[in-house]
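Heads up, the thing below is written out as structure tokens.
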Amino acid sequence: MVDQRLDRKFNFKVLMAVYLLIAIAIFIKLSAMQIFSASYYRRASLENSVRIVPIKAPRGIILDRFGNIIVRNRPSYSMYLVPYQVPDIKLVAAKLANFLNVDKTYLQNTIVANWKNKFLPIRLRRDIDFTTLSILEEHSLDLPGVAFQIEPTRMYPDSGIGSHFLGYIGEVYDKEIETNPDYRSGDLVGKKGIEKQYDSYLRGRDGLSYLEVTAQGRVLGKYPEKEDVEPISGATLTLNIDLEMQKLADHLLDSCGQGAVVVMDVNTGGVLTLASSPEFDANLFSGFISPDKWNEIVNDPAHPLLNRGIQATYPPGSTMKIFTAGMALYFDKVSAERGFDACRGAKRFGNRVFKCWRPEGHGRLDLHGAIVQSCDIYFYQMGLACGMELWEKFMPMCHLGQLTGIDIPGEKPGNSPSIKYYDNRYGKNGWTKIFIVNLAIGQGEVLVTPVQMATLYAAVGNGGTIYQPQIVKKITDSYGTETIISPKETGKLPLTQAQLDFLVEAMTGVTEEGGGTARGVQLPGISVAGKTGTAQNPHGKEHSWFVCIAPAVNPEISIAVLVENAGHGSTVAAPLAKRILQYYFKIPTKPIA
Ligand SMILES: [Zn+2]
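Going by numbering that gives the first Met the number 0, the sequence shown wraps up at 592, each residue one higher than the last.
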């Protein structure tokens, strides 16, 4: 009995192997027929012509800054239907639909939509899983004209690591074919992130095969008078991304909720990490994605496809105070002699009472103390002392409300309101100068993205240079020629070195001085200059911000952390940033036993 069962099991395995070989043989046989029997077919038709068939170039791989592979290609099976070998298309479609567990009308429509002529194979499904492949092979006698071919498929990291900046590939849209002469129907092209922005480098150059075909479109074999053109594989992209740091940020964010982490090289604009939570699994898009699965992702209320690092705009909350302070310094509206009223926890402006986050008040403060303790009453008064005229002059000089130019598509500029903005929105007399009170503490209509904050804090730390954030560091083509992406300056903060030093010192006080709002972010031997933010949000609990540079003197990295609806910046965002700093500066997170 047992032997018999083992025998049967063994026979089944042998059978599966044979079927698999047959599947591969079908394609080899097809090609062989076309190549070796060419002369026979050639004689059969007098009106042969040449068909040019592209040979797919392997897509370039993507590496992190240390050469670790982030995105590669793996072999996969695609299923084709060769129409002229199918006696009854409807019947085969119905049987296939059953095995693939899809609607048969959907499958029939795919066949109709991709039907060119009866000799041209129609791709029905990419990346068939092995179980389905085995089942189809088992029933191959019932499925005439169904064949399989090995094709490369994109392979992204597990659990959505870096999915937002990597993006994904998908079948080209008709609209894209119209605007790009390199694209052909059925091509896989970049749809989002790096895959889209650098598609022209990654895709390589397809080769060409010249085939002889009959007047009816039947392939006879290689066209003897033309040499094939070999494909050129796509370029390798080396990113500024540190894969381990990216994993850490993705993991930490997931444990906090929805939000973003951006880590940047202060002196080049190189992006070391760009995490956005929730992530999505880019692997879903490189093979077959069912309409149901697609709808599920698109309609997910957590918006997993939204890159919160560059596409979501948030009130900056108190992280804005560094720029409000910059404005007052630039226009000489603040000095040791010219202080503001002491904070008693609340203050009336116009006919409204504005509160400080600390109900018992901060007393009298200078600018340094006001930044360290993040006193709202101080900044309300400073905003009013400047007014909208100075705000609308200064903030655009700091590129607030402008795109950083990061090298992935879809970035949003945020908003830095101007007088004209308010006139348009509320009418000329529909708003008052009191509006700036809210802007001064990063509330109201001022909106920023996490990547903007990482970029601008980096500029505060590096002497004022605003760099374009760059994810890609180097492009290496298939001949080994390297193109290094050099740092790109997009502007300069309008502040003197002394003013910048003053701001960095105050930000260092945030983590080091008594009353500082982020005293938890202290590291042995490394000074951190940062600012917390707790941004009110009309749709729910406050957003938690922490933005910093480190070391405070001669900084290397800037970090912006935003966690949606998580409450105080000091309790959620700042501890997350600390973990990133510990990783970067190789500070052990647990005491060594
Ligand atoms: Zn206060």
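Beta carbons are placed, not taken as given, at the ideal position from N, Cα and C, and that holds for glycine.
Note that the structure is a prediction, hence the values are computed from the model and not measured.
By the criterion of at least three beta-carbon pairs nearer than 8 Å, the segment 319-334 is in contact with the segment 433-447. Just so you know, the alpha carbons of residue 174 and residue 182 end up roughly 10 Å apart.
Not one heavy atom of ligand 1 lies closer than 8 Å to the C-beta of residue 253. DSSP places residue 545 within a strand segment (E or B) once states are collapsed to three. Boundaries of the beta strand (DSSP E) harbouring residue 535: 528-536, taken from the DSSP string.
Within the DSSP secondary-structure output, residue 281 pairs in no beta bridge.
For a cut-off of 8 Å, the C-beta gap from residue 244 to residue 582 is around 6 Å, short enough to register as a contact. At a threshold of 8 Å, residue 380 does not count as near ligand 1, since its beta carbon sits no closer than that to any of the ligand's heavy atoms. Setting aside the 5 residues that flank it on each side, residue 396 is surrounded in the same chain by 493, each with a C-beta closer than 6 Å to its C-beta; the list follows chain order.
Residues 469, 471, 472 and 473 of the same chain have their beta carbon placed closer than 7 Å to that of residue 484, with the five preceding and five following residues left out of the count.
Comparing alpha-carbon positions, the option among 550, 542 and 498 lying closest to residue 521 turns out to be 550. The C-alpha of residue 108 is placed about 60 Å away from the C-alpha of residue 517. The beta carbon of residue 540 is closer than 8 Å to those of 564, 565 and 566 in its chain, skipping five residues each way along the sequence.
In the three-state DSSP reduction, residue 79 falls in the strand class (E or B). DSSP places residue 85 outside both helix and strand once states are collapsed to three, so it counts as coil. Counting only heavy atoms of ligand 1, the residues whose C-beta sits closer than 6 Å to one of them are, along the chain, 342, 355, 357, 360, 361, 374, 375 and 376. Separation of residue 390 and residue 348 (C-alpha to C-alpha, rounded to the nearest whole angstrom) is 18 Å. Taking residue 67 as reference, the option from 236, 274 and 366 with the minimal CA-CA separation is 236. Under the three-state reduction of DSSP, residue 122 is assigned to strand. Relative to residue 370, the option among 317, 178 and 345 whose CA is nearest is 317.
Judged by DSSP secondary structure, residue 508 falls within the alpha helix (DSSP H) whose first and last residues are 496-511. The beta strand (DSSP E) runs of length 3 or more contained entirely in the segment 250-277 are, from start to end of the chain, 258-264 and 270-276.
Rounded to the nearest angstrom, the gap between the Cα atoms of residue 418 and residue 319 is 19 Å. Runs of the alpha helix (DSSP H) spanning 4 or more residues and lying entirely within the segment 298-380 occur at 320-329 and 366-372, in chain order. The segment 118-127 makes no contact with the segment 219-229, as fewer than three CB pairs between them are under 8 Å. Closest option to residue 332, judged by alpha-carbon separation, among 381, 308 and 296: 381. With 16 or more neighbouring CB atoms inside 10 Å of its own CB, residue 278 falls in the buried class. For residue 133, the enclosing alpha helix (DSSP H) begins and ends at 129-137. Judged by DSSP secondary structure, residue 460 falls within the alpha helix (DSSP H) whose first and last residues are 449-460. In the DSSP annotation of this structure, the continuous segment of the alpha helix (DSSP H) that includes residue 174 starts and ends at 173-178. Between residue 266 and residue 461, the gap from beta carbon to beta carbon is short of 9 Å. Residue 562 and residue 136 have their C-alpha atoms some 49 Å from each other.
Distance from the CA of residue 302 to the CA of residue 286, rounded to the nearest whole angstrom, comes to 21 Å.
Each of 54, 258, 152 and 306 was checked against the Cα of residue 206, and the nearest Cα belongs to 54. In the assembly as shown, residue 129 is an exposed residue. Its beta-carbon has fewer than 16 other beta-carbons within 10 Å.
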